[in-house]
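Colleague: Got a structure for you, written out below as structure tokens; questions coming shortly.
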Amino acid sequence: MRRFTAHAIAGLAVFAAWGSPASATECKDPAKALGVSRIVEIDTANGPMFGAVTKRDTEERFLADDEVVLTFDDGPVPWVTGPILDTLDAFCTKATFFPVGRMAISRPALVKDILARGHTLGGHTWSHPNNLRRLSRDKAVDQIERGFAAVALAAGTDIAPFFRFPGLNDSDELLDYLQGRNIASFTVDVISNDSFISSPKAIAERTLRLTTAQRGGILLFHDLKRPTARALPAILAGLKARGFKVVHLVPKAPATPLATLDAELQPILAKAKPSALVPIYGSPAQARTREGDRPRVTTLAPEPRARSREAQAAAGAAKTAGAP
Ligand SMILES: [Zn+2]
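For the sequence shown, the positions run -24 to -1, 1 to 300 when mature numbering (1 follows the signal peptide of the UniProt record, and there is no 0) is used.
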């Protein structure tokens, strides 16, 4: 059974809200460009879940063979995120960033730069407790909500209702919560292990080996340590050489951060001195597009489904009871 409907949509007006159109940038070096082969617009109603590294019942893989999605967690850090943004620009490609809220709100200029260069921003909690399961439900929910509110405030505009659990440590009740808030959760398919590998060459080799073995997928990196930034040019060149295509994710509708948290976070943002943090890397002007040069857009609208084990069991029982 198909679990989602995918259809091409005409027109790209929907992306006006997302800053620079994703891809079709005028590349400085077209020969080097990895580019964006298509855009997937995700309807996050009912909190779909994507990625293979989980025992959960997730949505079907929406990527074709040899398609990849680039994701970066745990930033932003100027001396890592900045060079990563430059490398993505140099390869004319787009990624999704899952920043840590308290880091994002202290570096609003960098967060704005991520958006200005056409990438997608989601949430990854306020302060990155490695296992939300160990917190009370209230504290864990606050981490999730405060994270989104902080990134959105730093961005100064809408962000995506895309979430990644720190350490991929989800729980039934938090997945239920995300579903109620229409937030999509992302695990991964390929783990670069860049948090634990200090050699850029080793990060690149591992990533390319695993990506090739799995014929693509959602790739996980961290814009936190320099080796990742140093490995990225070889990774993107390697992906291009092997024929991989980059898929850029955008949301159908923006995240809806809680306004109550904005009031608490505003004083932190006010102290961030954005003028002192204006990034010096690259130029958003590169995101100019040419008509007719845009990647295909497909919309992904997964059917509602029970996520928690308890809810799945109840749904299964109901189905059995209703069976002829
Ligand atoms: Zn993380």
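Each residue gets a CB set at the ideal place from its N, CA and C atoms; glycine is no exception.
(1) On the three-state DSSP scale, how would you describe R(-22)?
(2) Nearest to F139 by alpha carbon, out of A290, F48 and L245?
(3) Are at least three pairs of beta-carbons, each pair with one atom in the region 53 to 66 and one in the region 184 to 196, less than 8 Å apart?
(4) Among the residues of its own chain, which have a CB less than 8 Å from the CB of V117, if the five just before and after it don't count?
(5) By Cβ distance, which residues of its chain are closer than 6 Å to P209, with the 5 residues on each side in sequence left out?
(6) Around the C-beta of E43, are 16 or more other C-beta atoms found within 10 angstroms, so that it is buried, or is it exposed?
(7) Whose CB is closer than 5 Å to a heavy atom of ligand 1? List the residues in chain order.
(8) With DSSP run on the structure shown, which of helix, strand or coil describes I159?
(9) Which value, in whole angstroms, describes the spacing of the CA atoms of R109 and D199?
(10) Tell me, which residues are paired with M25 by DSSP?
(11) Tell me the residue span of the beta strand (DSSP E) that contains D89.
(12) Can you give the Cα-Cα distance for K247 and F67, rounded to whole angstroms?
(13) Please name the residue or residues paired with E121 in a DSSP beta bridge.
Modeller: Straight from the coordinates:
(1) With a pLDDT of only 36 at R(-22), under 50, the local geometry of the prediction cannot be trusted, and no value is derived from it.
(2) F48
(3) no
(4) L150 and Y153
(5) T63
(6) The residue in question, E43, is buried, as its Cβ has 16 or more Cβ neighbours within 10 Å.
(7) The filter returns D49, D50 and P142, in chain order.
(8) coil
(9) Their backbone Cα atoms lie some 24 Å apart in a straight line.
(10) DSSP output for M25 lists S161 as bridge partner(s).
(11) Element bounds for D89: not the beta strand (DSSP E) but the alpha helix (DSSP H), P84 to A92.
(12) Cα-Cα distance, rounded: 34 Å.
(13) DSSP output for E121 lists no bridge partner at all.
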